[in-house]
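A.B. asks: In the working numbering, the protein residues as written are -8 to 378. Glycine is no exception: its CB is placed at the ideal position from the N, C-alpha and C atoms. Predicted model, so just to flag it, every value in this text is computed and none were measured. If you scroll down you'll find the structure; I have some questions about it.
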């Protein structure tokens, strides 16, 4: 979960030079001491509420500002080390792609760290304090935050973190550990499931991609947008709409429009369902049409139409699918109308701070041509269940 939401922290912790610089910096060390003290104080408070735990173990606005000032000073004093770190890890990862136009090394890290600290705060607000997220029906806290059960779970977590606070060497670690802990309490580990996908759920298709002669096909992939089982006639693991979308996409596949089908959709309805839309639709297609798994990619994480196409774009860039060859988005008529309207890019920009696709011709009531944009690689901790 840390790698998916807060990759900068993982990179720093794996780099001895940078972790030592951050850990030994005077100003940042003062923040670490402050946060350990706050952890100790709230750990020893009797009958603390979930809101009190959340308030104590978040970064305050002025602290984020001052951390960024300290970080800038640290980088300016060690610019060679941070430039090497940035060149070898930050840019090439793609995980911070929305900052790719920023040239100043210190400013890149300030933006990344600010995004990380705000992401940690948001997780704590949602999964400890119980503040409603953008999509409360599917993404909310799993408990009544005022219940004795939840307060005991949080207290036990905080007690454990406080017992082990000597292990924390970097300024952000106490609150990061708390954020990851409350996600675990809520059983919200969706973001970390199925990885590494190219060695698991997508292994067969990933290996097949290396053998494809792309010139034989008009399109690279056929993307089937997800449809959750959330109506009375749906099966527990798959919706009638999802099957209908898959049926149509298979028709295109059998016409040799593209060598691959891609199914999208994570664990959505009902909340805490054990079923991923993408994986269940793939099973349906394999069983119904006898299409081999090697022709069927899955994105088993996405929770919205916006992130459907963002995550598909990541597969395109990471799996060496030709980025300049158009693919097809296949879905229902009304869904296709929405994707091809101005509402889709507007929502994408508002919720993800980027637009994931370039759209071209609408081929039918169900199908639209597209190519993916490089901005999709950016990891977004504001959506912690599918960053």
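1) Report the three-state DSSP secondary structure of residue 351 (helix, strand or coil).
2) DSSP state of residue 373, grouped into three classes?
3) Give the straight-line distance between the Cα atoms of residue 220 and residue -7, rounded to the nearest whole angstrom.
4) Could you say if the region 304 to 322 and the region 361 to 373 meet the contact criterion of at least three C-beta pairs nearer than 8 Å?
5) Measure the alpha-carbon distance for residue 345 versus residue 110 and round it to whole angstroms.
6) Just to confirm, is the Cβ distance from residue 214 to residue 359 under 7 Å?
7) Going by CA-CA distance only, name the one from 217, 29 and 279 that's closest to residue 242.
8) Short of 6 Å in beta carbon distance, which residues of its chain neighbour residue 137, apart from the five on each side in sequence? Order them along the chain.
9) According to DSSP, which residues form a beta bridge with residue 379?
10) Would you mind reading off the limits of the alpha helix (DSSP H) that contains residue 81?
11) DSSP state of residue 92, grouped into three classes?
12) Could you please give me the residues that DSSP links to residue 318 through a beta bridge?
13) Can you tell me whether residue 140 is buried or exposed, with buried defined as 16 or more other CB within 10 angstroms of its CB?
14) Pull up the distance between the alpha-carbon of residue 263 and that of residue 288, whole angstroms please.
15) Could you give the distance in angstroms between the alpha-carbon of residue 183 and the alpha-carbon of residue 291?
16) Could you give the distance in angstroms between the alpha-carbon of residue 43 and the alpha-carbon of residue 30?
17) For residue 381, which beta-bridge partners are listed by DSSP?
18) Please report how far the alpha carbon of residue 343 lies from the alpha carbon of residue 7, in whole angstroms.
19) Measuring straight from C-alpha to C-alpha, what distance separates residue 65 and residue 16?
20) Let me see if you follow: with CB-CB separation under 7 Å, is residue 107 close to chain C or not?
C.D. replies: According to the structure shown:
1) strand
2) coil
3) Cα to Cα, the separation comes out at about 30 Å.
4) Result yes; three or more Cβ-Cβ pairs closer than 8 Å.
5) 17 Å
6) no
7) 279
8) none
9) The structure shown does not extend to residue 379, since the chain is modelled only from -8 through 378, so no value can be given for it.
10) Per DSSP, residue 81 belongs to no alpha helix (DSSP H) and is neither H nor E.
11) coil
12) 361
13) With fewer than 16 other Cβ atoms within 10 Å, it is exposed.
14) Distance between the alpha carbons of residue 263 and residue 288 is about 23 Å.
15) 11 Å
16) 11 Å
17) Summary: the structure shown does not reach residue 381, with the chain confined to residues -8 through 378, and so no result is reported for it.
18) 32 Å
19) 7 Å
20) Looking at the structure shown, chain C is missing, and only one protein chain is on hand.
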